[in-house]
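Protein chains in written order, with our numbering: chain G, 302 to 919; chain X, 306 to 660.
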């Protein structure tokens, strides 16, 4: 930096969040807060807001996923695969937002110790990926089944049913059941997140390795070209959409079903209608088979309880199927052609390879490519199973506990349970079941919890309105942690941009930058969608601006002209989808959905990653 | 095939000794069915005949012996004498006749088209087949006698002071200079420029780098304006970088005086990119084809005609081996390493974040 000054962001210990957020600290576990005892260490780190996993203010119970990944990701890096230069990623909460820091490499003797371990363990995984993936999927589905089978009583019975007492007493009852149920759900979630990183760290490392090889040979190659070469076609995240295509074809094959699906009634009514005919029943049975697991896809990122899934927002898949049936009627093809996608990729890799002048380089490129392709599918497949499938099951179960809290007068709404962190919920369960056990006429601290829930919702609301500081502490000189580079793209440019400060009035911004994720330039009217339900407002030919999007949004892509997202890099599913539909896209802008307003005229330049606001609405 | 005037269709890349480098490659490109403006080459023997018939060889040799290459002003004056000898001497009638006939037959529907006369050079018994920017090019010429006069001017440009001193510096004997002027139908350029089939800044073989400006390519080649710059990925055909420069001047046809005039670009166009998306894609496809044909990185001149519609408006004016990277030895950048070795390297490395 100029004048020899060390560039830095506010000291995390001195940084003050706005007054309206007062009391935010009590929502999160103590080890998630900046603290005096750890002050010296904390001040030396570079903390940046994790916009990928925690783009929004964090509901206390949803922090469980982050608690789980903090330990699991780091564990695999430092103690399981022993990536020599890398250590873990530590977390802190600041004013309801998640901040993370990639830790400095360990001392040289540890690096030397880890190197041979890494060589042996990592390479084994690459060589056995296919069989390991099969095992992984089996055990993950078993874990999902286990979670589905966790029994949450619909209500606390007046008396324990007779069959549980006579002739062979069960020996333990509802008070224990509910405690155990929550504990199991927590444990299963932690286990799922352990599995999440079983091969992911190595996948990212392989990607970065290949990207470096590609950049050495082709200094100007774009990140999106590298992503295109590496990414697969037949990945789990696209499966839900593929299943809707299949169901739509089935519906067209039996016209009475197709006709109902094309109607304008809500999903619930359509289902009732279908129940009335034999064909309809057959089709519904087929849909039921598909639901588990493919309707467990989140309508958002999979990180927040309020996003919902196809499972509890059936109108979403039904809207898609309506448009698919209509398109089939017009003789259009609705499916992604997996063969075509794979062929295009192969052709592309061959063309780049042909451009390499030296035989040695060509051989190295080839082998580097083979190495990354051997494992990369994990990056694309795990996402559905963990962030979508398992999280969705979890939220449904937790809502069941929330219902009991409402019945017992502890909370006003079932979803208020998400206002309490995972260490607080057991206390609430204990109070509820104890009160029930004590007999009738036992008072509970309902007001205490309801007030707390109300207060926390207010704090979260205030946090949502606040633009959090992008980073705190001293920026590093070097990063060795694979996720930091790949997921968050912590680069010189990014840190410099943050250092320039983001304290601007949104209305005055005319240009936003992000990743140039899908090529092309278009101008048009913006439609800002904060939640997937809002897609009903989307008009043909508009430019979609949203916090993030996943393949659950895929059918939208036939309607829009371009897409802009707040989060997500080139390998994000939104970016992949845009490239497949040949729509210009700029992703990972950080701010687009708050700066751009519906009706603004904008230009999306997918070649350079710039979004320009040409004319403000009204 | 004529004796002194060869049509591009009759020429290929191996004919540099007869046609000079530029014409040889224009012939080669024409053979590839690329959109090269129609033209013909007044082959080297025509100039030789001109010198012999007019008995100019001896007097030139005499003048040359007294040249002082360090005194540029004197050099200009002395070589000026040689140039005027060449230009004023009468062109041998058989050469004259063939040029006129070729000119009049150049285009089917136009007996008196606008043409450019461009130099095409080589060195006898040598692989050198270009002296970039050394000889003159004349634009927007029309009429048989004008063409003949400009062919002579082009011959004479072999004795421009800078060409003579370049030969002297490079140790090339003056008598070995080959000049074979090209007469080529004029592209009425809306936009023109140069493109490379690699990034000349870092040698990246996966890029096509296009530079262009409004009007004729002269303004780009001569550095009179900062051109627009567009970098395209050859494989994906995606633009990875583009910057529209402020192009305030363009070279266009001077309708009143003839030839070329430098004029001010309309203000609304100055900062506008001089190529549209389709044109960029088409240029890149052409660049790829030419590079593949030569199996060597190329430096290509192109122009977009105002009067035709896409894609017939896109013309290739010249192609030659890129002069820096393509001449280097093909040293490996990474060397032979296995995927696992590369993975281990990555696991042991850190990414620098510079602040």
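Quick reminder that beta carbons are idealized off the backbone N, C-alpha and C, glycines included.
Margin query: Taking 8 Å as the cut-off, does the stretch 450-465 of chain X touch the stretch 416-426 of chain X (at least 3 CB pairs, one atom from each stretch)?
Written below: Touching, per the Cβ criterion.
Check: DSSP state of residue 465(X), grouped into three classes?
Finding: coil
Notebook entry, point to check: I think residue 483(G) touches residue 702(G), with their Cβ atoms under 8 Å apart; what is that distance to the nearest whole Å?
Noted result: 6 Å
Next item on the list: Answer with yes or no whether the minimum CB distance from residue 645(X) to chain G is below 7 Å.
Entry: True, the Cβ-Cβ gap to chain G drops below 7 Å.
Margin query: What I want to know is whether the C-beta of residue 425(X) ends up closer than 6 Å to one or more non-hydrogen atoms of the ligand GTP.
Written below: By its list of ligands, the structure shown contains no ligand whatsoever, and the ligand GTP lies outside what it can speak to.
Checklist line | Validate contact between the stretch 563-572 of chain G and the stretch 655-669 of chain G using beta carbons, cut 8 Å, 3 pairs | finding: no
Check: From residue 576(G) to residue 582(G), what does the alpha carbon distance come to, in whole angstroms?
Finding: Their Cα atoms are separated by approximately 5 Å.
Item checked: In DSSP terms, what residue 619(X) is bridged to -> Note: residue 619(X) sits in a beta bridge opposite 609(X).
Next item on the list: Give a yes or no on whether 7 Å exceeds the smallest Cβ distance from residue 508(G) to chain X.
Entry: For residue 508(G), no CB of chain X lies under 7 Å from its own CB, so it is not counted at the interface with that chain.
Next item on the list: Kindly list the residues whose CB is nearer than 8 Å to the CB of residue 543(G), restricted to its own chain and excluding five residues on each side of it in sequence; keep chain order.
Entry: 636 and 637
Notebook entry, point to check: What residue does the beta strand (DSSP E) around residue 533(X) start on, and which one ends it?
Noted result: 533-538
Margin query: For the beta strand (DSSP E) containing residue 906(G), name the first residue and the last one.
Written below: 902-906
Notebook entry, point to check: Whose Cβ in chain X lies nearer than 7 Å to the Cβ of residue 876(G)?
Noted result: Neighbours of residue 876(G) on chain X: none; closest Cβ ~14 Å, over 7 Å.
Next item on the list: Tell me where the alpha helix (DSSP H) around residue 428(G) begins and ends.
Entry: Start and end: 409-428.
Item checked: residue 433(G) - DSSP class collapsed to helix/strand/coil -> It is helical.
Check: Name the chain X residues whose beta carbon is nearer than 7 Å to that of residue 407(G)?
Finding: Within chain X, no residue comes near residue 407(G); the closest Cβ sits about 12 Å away, beyond 7 Å.
Notebook entry, point to check: What's the gap between the Cα of residue 515(X) and the Cα of residue 546(X)?
Noted result: 10 Å
Item checked: Residue environment, residue 804(G), which counts as buried when at least 16 other CB atoms sit within 10 Å -> Summary for residue 804(G): the model assigns pLDDT 44, below 50, so the residue's position carries little reliability; its value from the coordinates is reported in the next sentence. Exposed is the call here.
Notebook entry, point to check: Using CA coordinates, which residue listed in 595(G), 614(G) and 715(G) is at the minimum distance from residue 687(G)?
Noted result: 595(G)
Notebook entry, point to check: Sorted by chain position, which residues of the same chain lie with C-beta nearer than 8 Å to residue 444(G)'s C-beta, five sequence neighbours on each side aside?
Noted result: 489, 492, 493, 496 and 691
Next item on the list: Just the C-alpha distance for residue 325(G) and residue 396(G), rounded to the nearest angstrom, thanks.
Entry: 6 Å
Notebook entry, point to check: Are the CB atoms of residue 386(G) and residue 404(G) nearer to each other than 7 Å?
Noted result: no
Note to self: Quick check on DSSP: helix, strand or coil for residue 604(X)?
What the structure shows: Three-state DSSP puts residue 604(X) in a strand.
Notebook entry, point to check: Between 574(X), 315(X) and 397(X), which lies nearest to residue 357(X) when the distance is taken from Cα to Cα?
Noted result: 397(X)
Notebook entry, point to check: Comparing alpha-carbon positions, which option in 602(G), 695(G), 320(G) and 630(G) lies nearest residue 546(G)?
Noted result: 630(G)
Notebook entry, point to check: Between the stretch 841-865 of chain G and chain X, which residues of the former have CB atoms less than 9 Å from a CB of the latter, in chain order?
Noted result: none
Next item on the list: Spell out whether any CB of chain G is found under 7 Å from the CB atom of residue 441(X).
Entry: no
Check: Of all the alpha helix (DSSP H) runs that stay within the bounds of the stretch 547-590 of chain X, which reach a length of 4 or more residues?
Finding: 572-575
Note to self: Here's the rule I'm using: 16 or more other beta-carbon atoms within 10 Å means buried, otherwise exposed. How should residue 641(G) be labelled?
What the structure shows: exposed
Check: Quick one: is residue 803(G) near chain X, going by C-beta distance under 7 Å?
Finding: Residue placement at residue 803(G) is flagged as unreliable, the pLDDT there being 48, under the threshold of 50; the coordinate-derived value follows with that caveat. Residue-level contact by beta carbon fails for residue 803(G) and chain X, as no gap is shorter than 7 Å.
Margin query: Please confirm whether residue 639(X) has its beta-carbon closer than 7 Å to some beta-carbon of chain G.
Written below: yes
Check: Should residue 444(X) go down as buried or exposed, given a rule of 16 or more other Cβ atoms within 10 Å for buried?
Finding: buried
Next item on the list: Select from the stretch 569-598 of chain X all residues with a C-beta closer than 7 Å to any C-beta belonging to chain G, and list them in chain order.
Entry: none
Checklist line | residue 354(G) (DSSP reduced to helix, strand or coil) | finding: coil
Checklist line | Neighbourhood of residue 567(G) by C-beta, 7 Å cutoff - its chain only, sequence neighbours within 5 removed | finding: 616
Margin query: Buried or exposed, going by whether 16 or more other CB atoms sit within 10 Å of the CB of residue 306(G)?
Written below: Low confidence applies here, because residue 306(G) scores a pLDDT of 42, under 50, leaving its location unreliable and the question unanswered by this model.
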